[in-house]
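Residue numbers (the working numbering): 38 to 188. Even glycine gets a Cβ: it sits at the ideal position worked out from N, Cα and C. One structure below.
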Ligand SMILES: CC(C)(COP(=O)(O)OP(=O)(O)OC[C@H]1O[C@@H](n2cnc3c(N)ncnc32)[C@H](O)[C@@H]1OP(=O)(O)O)[C@@H](O)C(=O)NCCC(=O)NCCS
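The structure is reproduced here in structure tokens:
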């Protein structure tokens, strides 16, 4: 999972997994150019994006899913669509996922993944994972939402 911000040490550091910014309103994230969509008060909003240009791996089309309760964003997940290359077919990957600390363990991230999978049946989760992210993916595997990891 491409969840880490740029860092210079070559090793992950704890703050790299602070992804609270992923809860921003649609169109506000410099990490996701070209995002559209309308805020909602309750439920899961979908914010698609189609950047004009593809500078790097984060600037591909995709969708961000945000769960709201009474206007408060509680959890968010970003899917990026990567085009086919000579080596691999096109794929849709969860690159960022975040649930507010006081909302964890309630199934919000899993529900966002299940919602995104409706749009992307072969949805996978990136391989660069935090300890919590790795535990969460095991839960997805247990639920049959992703194939079991073989590496
Ligand atoms: C990973 C994260 C998105 C999970 O969000 P969530 O809404 O709490 O997830 P769900 O409620 O759907 O699933 C929770 C399950 O994930 C697993 N899990 C979550 N955190 C875990 C941890 N630290 N260690 C092991 N398993 C963990 C458990 O199976 C847990 O179920 P349980 O609460 O019954 O034990 C959330 O912990 C988070 O935002 N972490 C910080 C950002 C981050 O690390 N993102 C992932 C980068 S790869």
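Beta-carbon spacing of residue i, residue j below 9 Å
i: residue 74; j: residue 82; result: yes
i: residue 114; j: residue 135; result: yes
i: residue 182; j: residue 143; result: no
i: residue 118; j: residue 128; result: yes
i: residue 105; j: residue 78; result: yes
i: residue 145; j: residue 111; result: yes
i: residue 149; j: residue 162; result: no
heavy atom of ligand 1 below 8 Å from residue i C-beta
i: residue 167; result: yes
i: residue 140; result: yes
i: residue 61; result: no
i: residue 106; result: no
i: residue 153; result: no
i: residue 146; result: yes
i: residue 134; result: yes
Cut-off 8 Å between Cβ atoms - residues of its own chain near residue i, not counting five sequence neighbours on either side
i: residue 151; result: 182
i: residue 86; result: 69, 70, 71, 72, 73, 98, 99, 100, 101
Worksheet item: Can you list the beta strand (DSSP E) stretches of 3 or more residues lying completely in the stretch 104-129, in chain order?
Response: DSSP runs (the beta strand (DSSP E)) wholly in the stretch 104-129: 109-119.
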